[in-house]
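See structure below.
In UniProt numbering, the protein residues as written are 1 to 690.
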């Protein structure tokens with residue numbers, strides 16, 4: 001029955017004009033095995049079926065998922081698919097070109113990012129006074145490494161280490177006995193390498209002092225030069241001197257910075273050697289190419305060790321006039337034999353001689369060889385305090401086409417003879433007006449060679465001076481301890497051993513040990529004594545206690561560094577002088593494209609009241625106190641027509657305006673910008689050529 005039914009199925013499909021399905025037709029091999037030709041009946045023939053060709057074509061030409069290549073090609077040539085495909089292709093091309101052009105435009109218009117030496121304040125450390133790690137009473141490299149968290153706590157990323165070379169310490173370490181070694185008092189080369197690694201691990205940078213002008217008289221070069229050994233014979237400045245009545249008559253009237261003749265007789269060589277500073281610090285002869293090469297080798301050695309830059313000190317003394325003429329006296333009527341002080345001569349032949357800047361530029365070239373690695377720019381600063389000759393200082397920036405120092409360190413704010421709103425304005429204005437276009441300014445209010453702020457101008461001005469330092473354009477430099485308001489120690493407390501260190505004893509009071517906490521020796525050392533005494537105020541003036549006070553000098557310092565790091569007008573914007581008088585200095589920081597402006601009202605005199613709205617057109621009637629040296633005032637709103645400040649008080653005001661000061665005609669010539677950029681609010685980015 002099943003067989004009959006199966007055989008009848010094709011016939012039924014044929015009668016109903018169905019389409020034959022050959023999907024289950026048996027193969028010939030299978031038929032040969034199954035069929036018995038002698039007994040099996042003949043299978044019915046397949047019936048042909050009439051199918052409408054148009055209907056079949058319409059069914060086949062409809063696209064469907066998984067079409068084979070042959071079918072797909074039939075559709076791809078149709079207009080509706082070809083046009084769509086071409087439109088999408090050109091849209092992708094146009095979008096790609098637009099994206100590339102936009103990227104190129106953004107790169108072309110984007111300003112250069114601030115380098116690390118521009119973006120962060122610099123924290124200057126005198127190693128012997130920072131932290132003692134081995135209880136010998138002297139600060140050392142391991143001690144600095146222990147306290148790196150303090151640097152990051154201050155929101156600072158650059159450390160400046162003063163001299164740590166092996167030295168007899170006659171001049172507190174500035175006359176090197178060996179430029180390739182660490183003085184044992186500070187540790188070992190392994191300690192230095194560990195410190196460098198730790199500094200870089202924390203994302204910090206480090207620059208170091210290098211004084212190329214002279215060495216210690218204990219240096220091997222000097223000993224060989226005394227003996228006239230080979231190339232070392234002319235490594236120093238030697239001249240014949242005459243002797244009369246048992247005394248030496250020097251070649252000329254040149255006077256040492258520390259006073260008296262700058263020539264010292266040497267019994268072994270039977271000549272006089274020249275020294276701009278102490279007699280234990282003979283000057284190198286930079287007219288010798290061999291000496292210049294020695295300094296280049298020293299630079300390469302320390303850069304290879306991982307330092308990120310140098311501060312070159314006393315460079316104006318590198319060359320002396322070869323003719324050895326007497327320098328002209330300040331007082332022409334003064335007897336030449338009575339001239340013993342450095343200030344009594346015009347130093348026309350012993351400073352800033354022709355060829356000096358060629359040597360500085362050669363230092364720059366050597367340093368630049370190590371700046372080719374991306375992200376490893378090496379800094380170069382010059383540390384020459386040209387108090388009376390600002391033009392000479394500016395020459396260390398180099399020219400538009402030939403760079404020397406990234407900046408010469410600026411001590412105008414330290415050199416002020418008296419403190420007032422006017423003197424502060426003059427110190428700032430002088431630097432900004434004399435600085436070459438496109439160069440970067442810097443500021444310092446303390447150094448190892450100047451009295452601390454508290455001792456120089458008074459405790460009441462510490463906070464306002466720090467506010468000034470950290471709100472000016474450029475790179476601020478903080479000498480260790482100024483962030484907590486440390487004072488000089490009393491000179492009478494300096495030990496006899498330190499007094500025997502030489503003429504530089506006058507600078508010892510500002511080098512007292514860092515005050516970390518209220519324990520014995522202020523946490524500087526766990527030993528029985530420190531190389532200099534700790535200031536007697538250490539129990540109230542120290543890092544530990546001030547970090548817990550919201551109204552401390554340390555807390556304000558941190559708030560100011562945060563403001564500087566986080567607000568674009570503070571780091572890259574314009575500075576415009578608004579007002580100055582005997583009490584006040586007022587200036588603004590603003591950025592093109594930002595409607596937010598910061599105005600600093602700093603009091604360096606007596607209590608004062610000022611109407612700023614009358615001075616600045618379009619100034620809002622109210623402004624927010626963003627920061628204040630009187631901490632309780634922060635967050636308050638003040639009337640800009642009536643702003644009162646007390647002696648030593650400083651305010652950082654914040655307000656919004658559509659008319660920035662630097663665009664006002666009344667303030668033309670009073671505004672400065674080191675690296676002009678603008679802010680796009682729509683794109684949230686900076687751009688140049690604005």
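The C-beta atom is built at its ideal place from N, Cα and C for all residues, glycine as well.
6 Å Cβ shell around residue i - same chain, five flanking residues per side excluded
| i | result |
| --- | --- |
| residue 556 | 463 |
| residue 682 | none |
| residue 291 | 235, 284 and 285 |
| residue 111 | 677, 686 and 688 |
| residue 537 | none |
| residue 420 | 582, 604 and 605 |
| residue 705 | Because residue 705 is not part of the residues shown, which for the chain are 1 to 690, the question remains open. |
| residue 239 | 251 and 272 |
| residue 447 | 479 |
| residue 472 | 443 |
| residue 312 | 210 and 382 |
| residue 410 | 431, 442 and 443 |
| residue 673 | 574 |
| residue 330 | 344 |
Neighbourhood of residue i by C-beta, 7 Å cutoff - its chain only, sequence neighbours within 5 removed
| i | result |
| --- | --- |
| residue 529 | 137 |
| residue 427 | 412, 413 and 416 |
| residue 680 | 593 and 687 |
| residue 25 | For residue 25, the predicted structure reports a pLDDT of 41, less than 50, and the residue's modelled location is therefore unreliable. A value from the coordinates is still provided. Once the five neighbours on either side are set aside, residue 25 has no close Cβ partner at all. |
| residue 40 | Because residue 40 sits at a pLDDT of 45, beneath the cut-off of 50, its placement in the model cannot be relied upon, and the following sentence gives the value as read from the coordinates. So no residue of the chain qualifies. |
| residue 75 | 63 and 81 |
| residue 403 | 364 |
| residue 120 | 156, 157 and 158 |
| residue 587 | 575, 576, 577, 578 and 600 |
| residue 187 | 140, 141 and 142 |
N- and C-terminal bounds of the beta strand (DSSP E) containing residue i
| i | result |
| --- | --- |
| residue 207 | 205–210 |
| residue 135 | Counting along the chain, residue 135 falls outside any beta strand (DSSP E), and DSSP gives it neither H nor E. |
| residue 653 | 650–656 |
| residue 69 | Here residue 69 belongs to no beta strand (DSSP E); instead the alpha helix (DSSP H) covers 69–76. |
| residue 161 | 158–161 |
| residue 638 | 637–639 |
From the options, residue whose alpha carbon lies closest to that of residue i
| i | options | result |
| --- | --- | --- |
| residue 140 | 434, 514 and 152 | 514 |
| residue 159 | 198, 365, 448 and 125 | 125 |
| residue 450 | 423, 489 and 420 | 489 |
| residue 516 | 148, 71 and 68 | 148 |
| residue 625 | 102, 635, 617 and 569 | 635 |
| residue 202 | 245, 151, 187 and 181 | 151 |
| residue 405 | 360, 102 and 543 | 360 |
| residue 263 | 246, 643, 398 and 237 | 237 |
| residue 483 | 643, 91 and 544 | 544 |
| residue 288 | 255, 308, 231 and 328 | 231 |
| residue 474 | 509, 518 and 407 | 407 |
| residue 532 | 546, 539, 508 and 541 | 508 |
Cβ shell of residue i (< 8 Å), same chain only, five flanking positions each side left out
| i | result |
| --- | --- |
| residue 176 | 163, 165, 166, 167, 211, 215, 216 and 219 |
| residue 699 | Since the first and last residues shown for the chain are 1 and 690, residue 699 lies out of range. |
| residue 619 | 612, 613, 640, 655 and 657 |
| residue 281 | 170, 171, 174, 175, 214, 215, 216, 217 and 275 |
| residue 257 | 276, 277 and 342 |
| residue 249 | 241, 242 and 243 |
| residue 526 | 132 and 135 |
| residue 33 | With a pLDDT of 44 at residue 33, under the threshold of 50, the predicted position of this residue should be treated as unreliable, and no value is reported. |
Bounding residues of the alpha helix (DSSP H) (the contiguous stretch that carries residue i)
| i | result |
| --- | --- |
| residue 668 | Looking at the DSSP string, residue 668 is not in any alpha helix (DSSP H), and its letter there is neither H nor E. |
| residue 681 | Neither: residue 681 is in no alpha helix (DSSP H) and is coded neither H nor E. |
| residue 434 | 421–434 |
| residue 486 | Note, residue 486: premise wrong, no alpha helix (DSSP H); not H, not E. |
| residue 691 | Since the first and last residues shown for the chain are 1 and 690, residue 691 lies out of range. |
| residue 116 | 116–119 |
| residue 691 | With the chain covering 1 to 690 only, the question about residue 691 has no answer from this structure. |
| residue 79 | 79–109 |
Exercise for the section: Output the residue ranges of the beta strand (DSSP E) runs that lie fully inside the segment 264–351 and measure 3 residues or longer, sorted by chain position. Expected result: 271–274 and 309–313
Exercise for the section: Tell me, please, whether the segment 321–335 touches the segment 300–310 by the rule of three or more beta-carbon pairs shorter than 8 Å. Expected result: no
Exercise for the section: Would you check if there are 3 or more beta carbon pairs closer than 8 Å linking the segment 540–554 to the segment 432–446? Expected result: no
Practice task
Say whether the segment 659–672 touches the segment 564–577, bearing in mind that this needs 3 or more beta-carbon pairs closer than 8 Å, one atom from each stretch.
Solution key: yes
Problem - Inter-stretch contact at 8 Å, needing at least 3 Cβ pairs: the segment 336–347 / the segment 357–377 - result: no
Problem - In chain order, each alpha helix (DSSP H) run of at least 4 residues that lies wholly inside the segment 446–476 - result: 453–456 and 462–471
Exercise for the section: Jot down the residue ranges of each uninterrupted alpha helix (DSSP H) in the segment 364–415, minimum 4 residues, whole runs only, in chain order. Expected result: 390–394
Problem - In chain order, each alpha helix (DSSP H) run of at least 4 residues that lies wholly inside the segment 176–252 - result: 189–201 and 220–226
Problem - Minimum length 4: unbroken alpha helix (DSSP H) runs contained in the segment 559–632 - result: Under the rule that a run must span 4 or more residues, the alpha helix (DSSP H) segments found entirely inside the segment 559–632 read 568–572.
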